[in-house]
Amino acid sequence: MLTRTAMSLGVLCVFAPAPQSPSTHTAADAAYARIMARATQAVQSELEGSTRIWDDHSTWDKAWEIESKHFRIRTTQPWAYGTKLGDGLDQMVAIMQQHGLELNLNGSAKGRVLLYPSIEEYNKHGNSNNADEHSTLYGSYFGARESERPVVGVVNPSGTLVWMQITHSVTHQLLHRAYPGQTRPPWIEEGLASYFALHWNWPWGAEELRRFQKEGNWVPVYNLLRRPVSRYGTQAHQYWIELGMLFSYLINYRADTKCTKDANGNKTGPFLDYLRDALAGKNVATHPLHAKLFEDTKVLEDGFKSNKW
Ligand SMILES: [Zn+2]
Numbered sequence: 001m002l003t004r005t006a007m008s009l010g011v012l013c014v015f016a017p018a019p020q021s022p023s024t025h026t027a028a029d030a031a032y033a034r035i036m037a038r039a040t041q042a043v044q045s046e047l048e049g050s051t052r053i054w055d056d057h058s059t060w061d062k063a064w065e066i067e068s069k070h071f072r073i074r075t076t077q078p079w080a081y082g083t084k085l086g087d088g089l090d091q092m093v094a095i096m097q098q099h100g101l102e103l104n105l106n107g108s109a110k111g112r113v114l115l116y117p118s119i120e121e122y123n124k125h126g127n128s129n130n131a132d133e134h135s136t137l138y139g140s141y142f143g144a145r146e147s148e149r150p151v152v153g154v155v156n157p158s159g160t161l162v163w164m165q166i167t168h169s170v171t172h173q174l175l176h177r178a179y180p181g182q183t184r185p186p187w188i189e190e191g192l193a194s195y196f197a198l199h200w201n202w203p204w205g206a207e208e209l210r211r212f213q214k215e216g217n218w219v220p221v222y223n224l225l226r227r228p229v230s231r232y233g234t235q236a237h238q239y240w241i242e243l244g245m246l247f248s249y250l251i252n253y254r255a256d257t258k259c260t261k262d263a264n265g266n267k268t269g270p271f272l273d274y275l276r277d278a279l280a281g282k283n284v285a286t287h288p289l290h291a292k293l294f295e296d297t298k299v300l301e302d303g304f305k306s307n308k309w
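So the sequence shown is numbered by this note's numbering: it starts at 1 and just counts up by one.
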């Protein structure tokens, strides 16, 4: 049952979404700037070339249907907003592929995204489609059991937060499409979703980690690796942020697990190898990294907590 009345993530993001790379901001920023320039041009052509802006798209039954390379978005937000969101999500797909995730999107239908204008309409959709518990913890969810398998979200005054929530759910949607019928350990499923969501604002993720420690709200890494989403409880926000940042620590910072990057931005490294094996359904219990995660958890936690972001 879905009964949200407010967002779980209180936040301080400004609306200037540009996905960031923890190791180099420059390449991602430049790519994003190019996309934004193209989007702005497209908006201009749209405004000049038709009277579509005068149509009424302010209610859900008349909402915009906007297509990007990989997504089909329904929204009552301005057309330019939906276009930017689509371009941003397309860029996120490219970033996922640079991490070696085999998403097999060629030829498959575009990912459906429904961005509702109000919490009431979002709840109504969730209730009539038996949305699972994940959605009661978050402002967005992936409806694996719905016919369109949509990502369902709701507009929020904090713009970047919406992009983070949608990106989190889109990661679930992409994994579902890429590995149909397979499930993954919760920490890998949620860790990947949160890791890609945090690409919109890494400094905020690091700031949240410091806040959890200061306020005594820190979730031990032991629990991050073992608990299912149903046990996240009132600390769901902490679980998601910590898992996403833990993935960044293992992919981008820790000496014996981090990746290297080739000229095209493609990444390889021990933790990414481990993730790819896990996604492919291989038994990772014998992978050299497994013991470092599940047995040397104290070492992992100490390094994670003291990392210089
Ligand atoms: Zn999730």
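All C-beta atoms in this analysis are idealised placements derived from N, C-alpha and C, irrespective of residue type, glycine included.
Tell me whether residue i is buried or exposed, calling it buried when 16 or more other Cβ atoms sit within 10 Å of its Cβ.
i: Arg254; result: buried
i: Ser306; result: exposed
i: Thr51; result: The pLDDT assigned to Thr51 is 46, lower than 50, so where the model puts this residue is not dependable; a value taken from the coordinates is nonetheless given after this. So Thr51 counts as exposed.
i: Thr234; result: exposed
i: Lys139; result: The amino acid occupying residue 139 in the given sequence is Gly; Lys does not appear at that position. The residue is buried, with at least 16 neighbouring Cβ atoms inside 10 Å.
i: Met245; result: buried
i: His25; result: A caution first: His25 carries a pLDDT of 47, below 50, which makes its placement in the model unreliable, though a value can still be read off. The residue in question, His25, is exposed, as its Cβ has fewer than 16 Cβ neighbours within 10 Å.
i: Thr183; result: exposed
i: Glu190; result: buried
i: Gln213; result: exposed
i: Ala63; result: buried
i: Lys298; result: exposed
i: Thr257; result: buried
i: Glu295; result: exposed
i: Ser230; result: exposed
i: Thr286; result: exposed
i: Gly82; result: buried
i: Pro150; result: buried
From the DSSP output, which residues share a beta bridge with residue i?
i: Ala114; result: Checking the displayed sequence, the identity of residue 114 turns out to be Leu instead of Ala. The partner list for Leu114 (beta bridge, DSSP) reads Arg74, Val152.
i: Trp64; result: Thr75
i: Phe196; result: Looking at the DSSP assignment, Phe196 forms no beta bridge with any residue, so it has no partner.
i: Ser140; result: Gly153
i: Lys292; result: Lys292 pairs with nothing; no bridge assigned.
i: Thr268; result: Thr260
By alpha-carbon positions, which one of the options ends up nearest to residue i?
i: Tyr141; options: Thr183, Trp64, Ile166, Gly86; result: Ile166
i: Gly100; options: His290, Arg276, Ile241, Thr286; result: Arg276
i: Trp309; options: Lys62, Trp202, Leu272, Ser158; result: Trp202
i: Met92; options: His199, Lys267, Thr160; result: His199
i: Lys124; options: Gly153, Asp302, Thr286; result: Gly153
i: Ala94; options: Tyr122, Val162, Met164, Pro19; result: Pro19
i: Met96; options: Asn266, Thr297, Glu65, Asp302; result: Asn266
i: Ser58; options: Val155, Ser108, Leu105; result: Val155
i: Glu120; options: Trp60, Gly111, Leu289; result: Trp60
i: Arg177; options: Leu272, Lys292, Glu295, Leu103; result: Leu103
i: Glu242; options: His290, Leu289, Ala197, Asp55; result: Ala197
i: Leu209; options: Tyr232, Glu301, Gly159; result: Glu301
i: Ala236; options: Tyr249, Thr268, Leu272, Pro186; result: Pro186
i: Ser194; options: Thr268, Asn217, Phe247, Glu67; result: Phe247
i: Gln238; options: Val219, Ala285, Phe304, Met164; result: Val219
i: Arg112; options: Tyr232, Ala291, Glu65; result: Glu65
i: Arg108; options: Tyr122, Asp55, Gln173; result: Contrary to the premise, residue 108 reads as Ser rather than Arg in this sequence. It is Gln173.
i: Gln98; options: Tyr179, Pro228, Gly82, Gly269; result: Gly269
Is there a Cβ from chain D that is less than 8 Å from the Cβ of residue i?
i: Asp61; result: Of the chains in the structure shown, none is chain D; there is only one protein chain.
Checklist entry - Are three or more beta carbon pairs between the segment 77-92 and the segment 250-268 nearer than 8 Å? => result Touching, no.
Next on the checklist: With three or more C-beta pairs closer than 8 Å as the rule, is the segment 111-121 touching the segment 209-229?
Outcome noted: Touching, no.
Checklist entry - Do the segment 80-90 and the segment 62-72 touch if we need at least three Cβ pairs shorter than 8 Å? => result The segment 80-90 vs the segment 62-72: in contact.
Item to check | Inter-stretch contact at 8 Å, needing at least 3 Cβ pairs: the segment 120-134 / the segment 143-152 | outcome: Result yes; three or more Cβ-Cβ pairs closer than 8 Å.
Checklist entry - Given 8 Å as the limit, is there contact between the segment 205-224 and the segment 271-285, that is, 3 or more CB pairs closer than that? => result No: fewer than three Cβ pairs fall under 8 Å.
Checklist entry - Hey, is the segment 259-274 in contact with the segment 160-179, meaning 3+ C-beta pairs nearer than 8 Å? => result By the criterion of at least three beta-carbon pairs nearer than 8 Å, the segment 259-274 is not in contact with the segment 160-179.
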